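Undergrad: Protein chains in written order, with the working numbering: chain R, 12 to 524; chain B, 975 to 1097; chain Z, 11 to 126; chain L, 87 to 249; chain V, 55 to 1003; chain U, 992 to 1080. Ideal Cβ placement from N, Cα and C applies to all residues, glycine included. None of these values were measured; they are calculated from a predicted model.
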Ligand code: NA
Ligand code: NA
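So this is what it looks like as structure tokens:
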């Protein structure tokens, strides 16, 4: 039996337990009291943020920490792994969740049943996916995340949302089936599910079994690519994001990132550069697909009829950009990708929340890109939109620009860099065009501004302002941030420290030097 | 194992299988739904019953301790099979005008429950 | 036996996928059910096949089949029940709200919902 | 008091037996647990079984069970013959109406079940007032005889047991 | 550090105007002016050092990872430009105070203006190329806001968008270009790059870098063929036009060419591209300007022409031409800003900017008129004004330039451009200010308040001063700036009014003469022009934009058509292709594991599967039949699990299938009962083929695995299950112990499903859904909802099921069974009560509601896991032990069983809740009060008596 | 002897399964198919009991028990659907 562990070590499981128990409590005790639900939900999310900060600080020492559930040794029990990368994702999730929840507390949460429990369960699923070090457990947490997202997606929705929801669920069920096939093949060949153990065993695969293993690896990759909305597996995204409520769409910004995260984890670590005959198994597909994703997202953005459609395609385009960086599978690319990941999550969320406010404010015209009577707070909303658009297009001075420059620099090692540059910069141009068109129709081409129109609700504005402030902060803190992410990327691609931390608990802490 | 017991077990297995087969045969070849309904109920009783007795005898003999849990299967089947059969009969009766024309009258003011009109409006 | 099971998995997969391609919700749901049968069997088969070797520890057993895929499949069965229940309800509500159980999103040009 | 603690004493007995059968052993532990279950479960489920049929005439019960078992074996063979050897067009399938004298739902249920489980007859429906049973006969040359047999062999005994 | 503040002050100052606007428009303008003045003062504090040849620098690190630092340096070029930007900015602010009307939100205007100013200063002072790019794009963004300031006007919006797309787009190219330059030079600091020109020009990246940089510069400076956006940007308020489109932003491109001149210039490519682009722009701008009737448009194209002039000079690549370019930049800044402001005053006073409706204004507004006439003389290149001097230098350089062996091209076309330049200047001056005073103006024009004309006057002073005493007034500045541009020793030159009879003088005179002739024949020339095709840039841009939007929309709609089958098809095709690639691109060998012999039951079961599946394929239109067949498949799958030693799986499959079937039936009741045949035969074959291919692939993979041996971590589970987990059913111990965390999450999945179902069906009980439900007439149905036999059987079954459930639960740790299956068994028994006796009757008798089961289940499972914390163990650490009780004997107690109890409760709750919710919707069809009795058969009173007795 | 009996019985049950499948395929009515499914469950129970005897193990008993217990629920649900539309009302 291993020695008893400290209270701080338990903090690693708390990002999963805290929302789960909060949700259970909300269902059991507060399901008929919206106000109290709000308070508890906000408090729990605040606590989660504090927790994420603690974990982030914990991970900053460069140690990979393993938490062995049930006290079973790895690879037999399920292991949670906290490293810089997972801590970053947890922190991002908590920040995003806080902002989104503030928006939802403005009234969206009361339009259907069980918003807050579903929200908390969603957080549980996301955090669980970021923390797990086991591929089957990743499947289970994907399902937690997805089923909660189905609930949130449909929360208080109308007919259009239901149809989009059906497609969303159906496509994800298809993906879940493929997930099981992929995991099954990987288990069948390697005999293990633990990612660290897989990282050890995959390079040793017998030549006779390599094809089965590689097929499994690629099928699994396609599942993650589906979550990450990589073309041509992105079909579920536009209607889902455009069809759901603003806070749900904003929270879903992190869901696509879970796909990207899984790609980093599994194809950077298990099937990464050190995977012998299966080294970088997914790499040949990521880059072309990412480019296609960028192109499709951009074209969709230009052709959008509604602000929410535009936002959804902007998300697709940003996933393309992100995966271009991830697809390099090197430290520079990954650091760039991670910086951009944080940025695009916050920016996309801000845009969706703005779209939500616009929809409320414009009444019958909703968020369609057609001239309509002026809405209350037009100038303010226009300004917020302008900032969000700058962020998403990746124009200076916000963090999108920094992220894009990082990516441009990182892809110079890639043979097709001129094409990538052309795609990224050309997309930026078209996105500039699309956003300018949308913004000038929504915020400029309206009737005379009337002071009598009601201003947008305060919680919604506060949420947007917080997100935009976070983006500004992310740009200002880009120096230390990129430094930290570079360490995170290095650590994420370093098989040995991960393997040692998970499989050799007795070994001295693998500290980076 | 005692050859007598062995023979008994073998015989019971064969009897069970025979009645199962006959039940299925009835299901397959009898001309209408109500007649076909008779087939499986036979399989349920003597078919499964014989097999279960075979199992009881066999395990009691091989393990030296009395094995009776097989009886529970029979218990459940006796409890549920008539329900299945009647529900099927009722469903068929409701759906088939031809079948309705064949039923005998109740001999009372009230009609058969499946065909009665307004039974629960009256309540 | 292996070939039989593999073929069975293949058939279930093919039928399931074919149904997922139908343009109405109910066949899609049926297809997903078939698909989950197929996938559960597939995952199960990843532990290889063994006859009369249940993974229950008994004193004189010669060998056991691989218990891990069984546990995974059990989890998968339960999860897919939850998913199926949800998508069934979703299809139903979609139908009740729109009067169509087509799985198409209504295209802006006023599309091809069915009249049933 | 007894009625409150043991709403269905026979059920309690049945449950204890079922549990012991299930465990396939009769160790003290199993019996104790069986007794606990036999007491607790009927209490938990009492609301779902509002009537409290008092079974009388235990000997009649025994004879009823034996008769039914015998009838099952006998008519199974009979029906097997019909299925195997009788051409379909020579089947004398018909419905018969069995007017009921028993009124307890439990008794009616047992009668209907018995009819179905004895081959050759299926209880197809009950009249809306619960006073007649519709029975489908696979091969009934003498419908009145069949009705009379049902009433005499089964219903009369059930009336004694339940009412 | 103060140098950094020159850039930062306008940005922070931008917060000021909206804050002080409440105190009045004067205060607001003064605050803005003060900000600019402060920045200017800070800049000027470096003037002595700069003029002494020092290069002040300052830096704040920002993102070292990408080479981005906020670093500035003030060499001659940067200093000059910064000074110009801030000075003209100050004048524009004063002017704008009077120009803007009361309805215009002045606070916002000045905020935008200061943001722009800061960005512009940032561009010219940046020492870091990425920082330069940041500011560069910010000028595009802020100019977008300024051009679109009158946002309710369509032309303002269009102009703003066009400017943003063209200049912002060019900026994107510039990003690429400068990154390549920096990479080639090995530094992101301009001050270092500037001395590494040779390395850059020798680099293979030079050509792409040059082209991209030029794209950025040309778009910003409206060079041919990107000149079209500038006139439309004139929809902006005049102060904006004056500031951005004459004095500062458009010069950013020229600035960049000058800035990078030591690095990029001097090659053939540079000359071959830059010089003709400048020439063409100069010529075309001048020609168009002549025929513009709108004052601002005329001035705008004049600006285009002058920017071309500067570009051409820089393109020559010679130091002398560079000096000329710098000199012209100085001169143009002064007279053009003055002219823009004059035009604004005219517009303001007369209400029109149309030359055809103007004339003789010098008599009505003498101050403005005089100033404007002086400035336009300079624009025409009349001697004694500064415009003349730099134009002469330009002509002199052009006269000596041969292009691809054509030595007449540049001299002749430059002269023609000069001709047109004189002509439009004259037309501007004469048409507006000279001639007879007109009296058909809406209001009698007067000279404006001093605040409006004073800035013009201030600008006219250098126009004349430089024109007369160039060496004294402009000499040091030109030397300083040109020195920075050339980055080496200055050539021999002499700024003077008279150089003797030079080729330039001849060309100049020819231009004046030609211009006179042209103006005399203006009517005919105009008529000729009208007959030529006149491309309308705005219309073309708008058409192209609309086309782009429509094309994108079509492209997206064509694939994103909302069709699930298509989406699924593409996804599956991808899966098959990538999976296939994965298999064929790696090594494979057939397995050697001995196969199990086929048994007859297995073969029969396979046949059944084949038949049922095939029939589903053919008959899925009949939904009920398809459902029955699915049930058959479920039975076979359960049998397969049994056959291959997985009793737990079989038990689970059997019971889950029951619940699923009921669920589907509940839904089918309200859904259409048939699926209409829709797809064509071709579509069905295509789908079938794809599905078949995928099925084949999955089957092959399964077969591939099953025919080979492998090792797995499972040996550990088999070994540790009893000693470590305390149970002999390894599957159960994995579920509740080794991998209890999976199970914990899994019951939460179930819980969420129930919540979501609840949330989804709740609203179905109101609104359109209810109308639709009510419209569904009860179909032909039996009135016997709760048959007696069914009710009686379920009454017995419930307690029996509970016993069985307990049994399955208790022994699950050691034999097949466990919490899941027990939960399912109990749930089914409870659901049977609903089915048999009706929801109302049964629900009344349920002691605890389903939601509480779920909550309690999750809580028990979770708390069992958390309990381990107390012992310093991780979540879900289990323990077990053996207790010995009298009579009962020794039995095992495991904490994992408490966990399993949580699982059990959750499963019961979820199953019951989901089905009950679903049935609730259907019960809306028949709103009649439900039969309170558990049976529909109405027994005679005798029965009740008998029961009571 | 038992082995032979089991082999013959397995054959007979498989034949029975085949006949049941025939009814499943030809129907003609939904009630016929439900009846076939119900019969299939009975035959599955028989097979399981037979396997139990053949392998000499009680490990599969619960599966048979469960089939016997819940198999009829499916049948009842289908019939209830045919009779009333709503399975739970
Ligand atoms: Na444990
Ligand atoms: Na179990």
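Which of the three DSSP states, helix, strand or coil, is assigned to residue 136 of chain R?
TA: Residue 136 of chain R: helix per DSSP, three-state reduction.
Undergrad: Measuring alpha carbon to alpha carbon, tell me which of R:448, R:218 and R:482 ends up nearest residue 410 of chain R.
TA: Looking at the Cα atoms, R:482 is the closest of the given residues.
Undergrad: For residue 1038 of chain B, would you say it is in contact with chain U, using Cβ-to-Cβ distances shorter than 8 Å as the test?
TA: False, the Cβ-Cβ gap to chain U never drops below 8 Å.
Undergrad: Is residue 552 of chain V helix, strand or coil when you go by DSSP?
TA: Residue 552 of chain V falls in the coil class under three-state DSSP.
Undergrad: Classify residue 140 of chain L: buried if its beta carbon has 16 or more other beta carbons within 10 angstroms, exposed otherwise.
TA: Exposed, since its Cβ has fewer than 16 Cβ neighbours within 10 Å.
Undergrad: What are the residues of the stretch 1055-1071 of chain U that lie near chain Z, defined by any Cβ-Cβ distance shorter than 9 Å?
TA: Correct list: empty, as no residue qualifies.
Undergrad: Taking the beta strand (DSSP E) that residue 79 of chain R belongs to, which residues open and close that run?
TA: It spans 76-79 - the beta strand (DSSP E) in which residue 79 of chain R sits, taken as one unbroken run.
Undergrad: Would you list the one or two residues that DSSP bridges to residue 457 of chain V?
TA: DSSP, once it has assigned bridges, lists V:460 as partnering residue 457 of chain V.
Undergrad: Kindly say whether residue 92 of chain L, judged by its beta-carbon, lies nearer than 8 Å to any beta-carbon of chain V.
TA: No, no contact with chain V.
Undergrad: What residues from the stretch 27-42 of chain Z come within 7 Å of chain R, judged by C-beta to C-beta, listed N to C?
TA: The residues in question are 30, 35, 38 and 42.
Undergrad: Pick helix, strand or coil for residue 186 of chain V, following the three-state DSSP scheme.
TA: If DSSP states are grouped into helix, strand and coil, residue 186 of chain V belongs with the helices.
Undergrad: Does the Cβ of residue 576 of chain V lie closer than 7 Å to at least one heavy atom of ligand 3?
TA: Among the ligands modelled here, namely ligand 1 and ligand 2, ligand 3 does not occur.
Undergrad: So, is the C-beta of residue 126 of chain Z closer than 8 Å to a C-beta in chain U?
TA: Because residue 126 of chain Z carries a pLDDT of 30, less than 50, the predicted location of this residue cannot be relied on, and the following value inherits that uncertainty. No, no contact with chain U.
Undergrad: For chain V, is any of its Cβ atoms less than 8 Å away from the one on residue 1077 of chain B?
TA: No, its Cβ sits nowhere closer than 8 Å to a Cβ of chain V.
Undergrad: Quick check on the DSSP output: the alpha helix (DSSP H) that includes residue 800 of chain V runs from which residue to which?
TA: Run containing residue 800 of chain V: 794-815, per the alpha helix (DSSP H) assignment.
Undergrad: Are there 16 or more other CB atoms within 10 angstroms of the CB of residue 252 of chain R, so buried, or fewer, so exposed?
TA: Buried is the call here.
Undergrad: Compare the C-beta of residue 886 of chain V with all C-beta atoms of chain L and state if any pair is closer than 8 Å.
TA: By this cut-off, residue 886 of chain V is not an interface position.
Undergrad: Throw me the rounded Cβ distance for the residue 136 of chain L and residue 180 of chain L pair, which I believe falls under 8 Å.
TA: The pair is not a contact, with the Cβ atoms about 37 Å apart (cut-off 8 Å).
Undergrad: Apart from the five residues just before and just after residue 432 of chain R, which ones in its own chain have a Cβ nearer than 8 Å to its Cβ?
TA: Excluding positions up to five away in sequence, the list reads 419 and 422.
Undergrad: Using the Cα positions of residue 86 of chain R and residue 424 of chain R, report the straight-line distance between them to the nearest angstrom.
TA: Near 36 Å, if we compare the C-alpha coordinates of residue 424 of chain R and residue 86 of chain R.
Undergrad: Looking at residue 621 of chain V and residue 182 of chain R, is the spacing between their C-beta atoms short of 8 Å?
TA: Yes, the pair counts as a contact, with Cβ atoms nearer than the cut-off.
Undergrad: Can you give the Cα-Cα distance for residue 725 of chain V and residue 136 of chain R, rounded to whole angstroms?
TA: Their backbone Cα atoms lie some 32 Å apart in a straight line.
Undergrad: Would a C-beta distance cut-off of 8 Å place residue 140 of chain R and residue 105 of chain R closer than the cut-off?
TA: No, the Cβ-Cβ distance between residue 140 of chain R and residue 105 of chain R is not below 8 Å.
Undergrad: Strictly by DSSP, which residues pair up with residue 114 of chain V?
TA: V:124, per the DSSP bridge assignment.
Undergrad: Just by C-beta distance, which residues in the stretch 147-164 of chain R are closer than 7 Å to chain Z?
TA: Under the 7 Å Cβ criterion, the stretch 147-164 of chain R contributes 147, 151, 154, 158 and 161.
Undergrad: Taking the alpha carbon of residue 909 of chain V as the point to measure from, which residue in V:556, V:802 and V:847 has its own alpha carbon closest?
TA: Of the listed residues, the one whose Cα sits closest to residue 909 of chain V is V:802.
Undergrad: With a threshold of 8 Å, are at least 3 pairs of Cβ atoms found where one atom belongs to the stretch 160-170 of chain V and the other to the stretch 190-204 of chain V?
TA: The stretch 160-170 of chain V, when compared against the stretch 190-204 of chain V, does touch it at the 8 Å Cβ threshold.
Undergrad: Within the continuous beta strand (DSSP E) that includes residue 209 of chain L, where are the two ends?
TA: Where residue 209 of chain L is concerned, the enclosing beta strand (DSSP E) stretches over 207-212.
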